[in-house]
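Numbering-wise (the numbering used here), the sequence shown opens with residue 109 and increments by one. We treat Cβ as the ideally placed atom computed from N, Cα and C, and that holds for glycine. The model shown is predicted, which means the values in this text are computed figures rather than measured ones.
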Amino acid sequence: MANSEAAIIVGFWLWVCIYMTKGLNAGEVTYDGTSLIVNGTRKLLISGSIHYPRSTPQMWPGLIDKAKEGGLNCVQTYVFWNMHEPEQGKFNFEGRSDLVKFVKLIHSRGMYVSLRIGPYIEAEWNFGGFPYWLREIPGIIFRTDNEPFKREMQRFTEMIANMMKRENLFASQGGPIIVAQIENEYGIVEPSFREGGRSYVRWAANMAIELNTNVPWIMCKQPDAPNPIINTCNGLYCGDTFDGPNSNKKPKMWTENWIGWFQVFGGAKHHRPVENIAYAVARFYAKNGTFVNYYMYHGGTNFGRSGGPFITASYDYDAPIDEYGNEREPKWSHLKDLNTAIMRCSQTLLSARAETFSLGSSQEAHVYRGHSGQCAAFLSNMNPTSGVTLNFQNMTYSLPAWSVSILPDCKTVVFNTANVNAQSKTHNLTSNNPQRKLKSSYFLSNKEVEKGFYWETFKEKIGGSEDTQFDNKGLLEHINTTKDTTDYLWYNIRVDVDENEPFIRSNSSLVLAIGSHGYAVHVFVNDHFSGSAHGNKSNPGFSLNLHISLRPGKNDISLLSVMVGLPDSGAYFERKTAGISSVMIQGFKGGSRDYSQELWAYQIGLVGEKQNIFTKNGSRTVNWNPSISDQHLTWYKTTIDAPEGDGPISLDLRSMGKGQIWINGESVGRYWIIFLVPLGDCSTCDYRGSWNLKKCATNCGQPSQTLYHIPRSLLQPTGNLLVLFEEVGGEPSKISLLTDLKNY
Ligand code: GAL
């Protein structure tokens with residue numbers, strides 16, 4: 109037989125095999141009032157959010173394996189439009205943006221995917237996931253019945269759906285994607301858009317359905333989700349706060365069970381005790397829920413400038429897998445035990461509706477009885493302060509305060525949500541103290557590998573370089589001007605002072621009064637630093653009154669306005685403004701002078717940014733100074749070797765002020781040390797009865813984040829270029845590199 113004939117025969121059988129395998133798996137994903145139904149089989153789903161751009165492809169397999177080992181059968185992710193289409197029509201699906209690779213990895217582990225295309229996602233992500241250029245489309249209004257917006261949203265959503273189809277990734281094609289999301293919590297802003305909001309919801313629903321993915325679509329927090337879209341719950345206690353979807357033909361799903369919370373600069377670390385999470389999850393499955401997603405299961409890192417307003421580089425979220433990819437205990441293990449217990453009940457939960465029985469004033473049982481006699485029960489003690497002993501089907505059970513016991517056979521307790529690491533196989537559980545100590549000295553056990561690097565400095569030019577300045581009469585809005593190409597915008601003005609001004613002789617000072625829409629400013633008078641100010645997550649805008657001295661003749665006032673992430677939420681967030689809004693000087697003999705409408709000289713970005721001095725080639729274009737100085741607006745550079753081993757790596761920047769970090773030319777995030785957490789923002793960890801952000805918060809009086817993740821995959825064994833841009837000054841000699849991060 110000729111080679112070509114053999115090839116044809118082999119090819120034919122290969123095609124038959126592939127076709128058969130696809131044929132066997134293929135089928136629509138449908139649903140009813142009980143659950144999602146994948147290829148004819150009902151599914152009980154336990155899912156966890158892992159956002160692919162918040163870790164590296166090298167980390168993905170480990171994270172997914174840990175999710176599977178932790179008892180999950182599904183991974184949920186958003187799709188990050190601004191990573192994929194940073195410039196209109198120019199696409200990026202490489203590296204951390206390799207969505208297809210991520211979805212295929214999950215598939216290879218036998219897990220499902222919940223794909224939240226959005227494309228609005230919020231997620232504490234720059235501009236809520238929208239690319240900057242979207243804002244510049246004439247006539248655009250985001251997230252309403254607006255043609256230019258709908259056109260772009262549809263184009264992107266279609267592109268992602270088609271990409272998934274091409275790769276056979278929908279479950280209907282034998283792939284792992286069993287459900288897809290359009291929009292995100294639109295119900296919150298819908299009233300602001302009035303009729304436009306209502307028609308937009310209908311349009312978005314139709315548009316999604318017409319993509320023919322053959323998997324159900326969901327809309328979270330969208331009580332009016334049009335059929336057949338499933339409206340789902342996001343929150344802390346969806347078992348007790350969510351009345352269920354808007355039709356009894358739709359399953360009860362919980363897309364975001366907040367397992368902790370994100371952190372902002374100037375904000376505390378939030379810890380949601382695992383007993384509280386387990387309680388909420390058990391209540392949801394007890395009450396006919398069949399899909400819960402832990403948001404986040406691995407939070408990860410906001411690399412570069414990808415974080416939303418004031419969001420820290422760490423997106424750790426107090427998740428079961430910490431920022432560095434380690435299991436966080438006892439959270440990971442306790443949830444694994446919970447997930448295992450729930451899965452033991454799955455067949456029964458999927459074959460019946462729960463019946464509710466009162467067992468006391470704050471105690472109840474939810475019982476599922478299947479047709480063939482199987483029985484599973486959840487016993488709840490909703491009393492937040494006292495444990496109880498109660499009777500259920502002629503047996504006695506002890507339940508700690510605020511806890512749920514799971515009985516897969518209606519007799520034996522295999523899990524109680526409050527008993528961490530003390531699961532009893534018997535039905536006679538005793539209460540133990542579920543209060544656990546929160547770690548405050550999380551870095552103590554880590555290995556400090558290197559300290560005292562050889563640093564060189566380059567001083568950024570105050571006011572920017574004269575060659576690249578441009579003039580404008582009046583104060584420009586920051587976001588419009590920089591177009592998010594950088595965090596930085598210089599506002600410069602030259603102020604003339606008459607030598608007869610009385611303040612010169614009396615040696616008294618003037619007051620420079622600055623108003624800003626946000627987020628931070630550093631003020632220089634005649635090239636000398638005079639002061640800084642900033643807003644915060646809830647109030648990005650601020651004002652600043654500074655005593656300054658001017659000399660007779662010409663004086664240069666230079667204001668460096670700084671952004672920390674574009675707005676990511678709210679109606680009309682594309683219209684939110686930032687930057688300097690007013691500038692006055694008070695104390696002249698003729699009274700105050702308002703400079704807001706005067707001629708200003710601007711520079712977008714820093715000289716160092718323009719020269720790419722954080723890259724190997726760019727760093728050669730400037731003269732670095734071997735002496736370290738603790739000054740404002742200074743670039744620091746050094747060379748580091750990768751620490752031995754393969755453990756995660758972090759940079760301890762507690763001796764620094766505020767700025768950005770680059771490793772081998774890639775920005776790994778913004779840092780902000782000197783913005784301390786207010787003392788009153790922490791409180792004791794009393795979470796029984798409820799948990800909110802004020803409870804179990806730590807880090808008060810401290811910087812929000814001192815350790816910054818340097819992904820190992822960015823490092824060569826030796827000679828790695830580490831560059832910092834420091835805005836306010838610090839002590840680089842005290843910076844150290846840590847590895848083997850444990851108990852973070
Ligand atoms: C939700 C939103 C998520 C994320 C979360 C807080 O409301 O849907 O994208 O922002 O809040 O982490």
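With residue i and residue j assumed to form a contact (beta carbons below 8 angstroms), what rounded beta-carbon distance in angstroms separates them?
i           : j           : result
residue 742 : residue 569 : Their Cβ separation, rounded to whole angstroms, is 12 angstroms, which puts residue 742 and residue 569 out of contact at 8 angstroms.
residue 160 : residue 204 : 6 angstroms
residue 793 : residue 376 : Between residue 376 and residue 793 the Cβ distance is about 12 angstroms, and since that is not below 8 angstroms, they are no contact.
residue 693 : residue 660 : Their Cβ separation, rounded to whole angstroms, is 15 angstroms, which puts residue 693 and residue 660 out of contact at 8 angstroms.
residue 142 : residue 150 : 7 angstroms
residue 712 : residue 593 : 7 angstroms
residue 785 : residue 812 : 6 angstroms
residue 801 : residue 846 : About 28 angstroms; that fails the 8 angstroms criterion.
residue 465 : residue 418 : Rounded, the Cβ-Cβ distance is 48 angstroms, inconsistent with contact.
residue 382 : residue 449 : Rounded, the Cβ-Cβ distance is 14 angstroms, inconsistent with contact.
residue 313 : residue 338 : At roughly 11 angstroms, the Cβ-Cβ gap does not stay under 8 angstroms, so residue 313 and residue 338 are not in contact.
residue 629 : residue 667 : 6 angstroms
residue 316 : residue 290 : 4 angstroms
residue 489 : residue 511 : 6 angstroms
residue 650 : residue 642 : 6 angstroms
residue 402 : residue 342 : Not quite, the Cβ-Cβ distance comes to about 12 angstroms (not below 8 angstroms), so this is no contact.
Give me the Cα-Cα distance between residue i and residue j, rounded to the nearest whole angstrom.
i           : j           : result
residue 547 : residue 819 : Residue confidence for residue 547 is low, a pLDDT of 26 falling below 50, so the modelled location carries little weight and cannot support an answer.
residue 157 : residue 493 : 32 angstroms
residue 837 : residue 363 : 43 angstroms
residue 217 : residue 278 : 16 angstroms
residue 498 : residue 468 : 8 angstroms
residue 507 : residue 513 : 7 angstroms
residue 321 : residue 224 : 13 angstroms
residue 229 : residue 186 : 7 angstroms
residue 226 : residue 656 : 49 angstroms
residue 517 : residue 484 : 5 angstroms
residue 194 : residue 200 : 8 angstroms
residue 190 : residue 496 : 52 angstroms
residue 259 : residue 266 : 11 angstroms
residue 648 : residue 178 : 39 angstroms
residue 715 : residue 607 : 34 angstroms
residue 584 : residue 308 : 33 angstroms
residue 332 : residue 505 : 42 angstroms
residue 744 : residue 615 : 37 angstroms
residue 214 : residue 423 : 21 angstroms
residue 355 : residue 457 : 19 angstroms
residue 408 : residue 751 : 21 angstroms
residue 531 : residue 763 : Summary for residue 531: the model assigns pLDDT 43, below 50, so the residue's position carries little reliability; its value from the coordinates is reported in the next sentence. Between residue 531 and residue 763, the C-alpha separation is close to 44 angstroms.
residue 127 : residue 182 : Confidence at residue 127 is low in this model, with a pLDDT of 37, below 50, so the placement of that residue should be treated as unreliable; the coordinate-derived value is given next. Whole-angstrom Cα-Cα distance: 25 angstroms.
residue 348 : residue 798 : 11 angstroms
Determine which residues share a DSSP beta bridge with residue i and list them.
i           : result
residue 841 : None; residue 841 has no bridge partner.
residue 592 : Paired residues: none, contrary to the question.
residue 139 : 144
residue 780 : 766
residue 606 : The partner list for residue 606 (beta bridge, DSSP) is empty, contrary to what the question assumes.
residue 746 : 830
residue 182 : 155 and 220
residue 818 : 757
residue 511 : 489
residue 620 : 654 and 693
residue 805 : 378
residue 579 : 709
residue 69  : Look at the range of the chain in this structure, 109 to 852, and you will see that residue 69 is not part of it.
residue 771 : 774 and 830
residue 523 : 514
residue 150 : 145
residue 565 : 733 and 744
Quick check: is any heavy atom of the ligand ADP less than 7 angstroms from the C-beta of residue i?
i           : result
residue 765 : Ligands present in the displayed structure are limited to the ligand GAL, and the ligand ADP is not among them.
Problem set entry | Start-end ranges of the alpha helix (DSSP H) lying completely within the stretch 196-227, minimum 4 residues | 207-216
Exercise. Which ranges would you report for the alpha helix (DSSP H) in the stretch 388-454 if only whole runs of at least 4 residues count?
Worked result: With a minimum length of 4 residues, the continuous alpha helix (DSSP H) runs that stay inside the stretch 388-454 are 439-452.
Exercise. What residues does the ligand GAL have around it, judged by CB closer than 6 angstroms to any heavy atom, in chain order?
Worked result: 229, 230, 231, 232, 292, 293, 342, 364 and 370
For this session: Please list the segments of the beta strand (DSSP E) lying wholly inside the stretch 316-362, counting only runs of 3 or more residues, in order along the chain.
Result: 325-328 and 338-343
Exercise. If you scan the stretch 673-735 from start to end, which runs of the alpha helix (DSSP H) of 4 or more residues do you find wholly inside it?
Worked result: 715-718 and 724-727
Problem set entry | Runs of alpha helix (DSSP H) lying entirely within the stretch 447-503, each at least 4 residues, in chain order | 454-459
Problem set entry | Those runs of the beta strand (DSSP E) which lie wholly inside the stretch 638-670 and span at least 3 residues | 650-656 and 661-670
For this session: Would you mind listing the beta strand (DSSP E) stretches within the stretch 243-306 that are 3+ residues and don't spill past its ends, in chain order?
Result: 285-290
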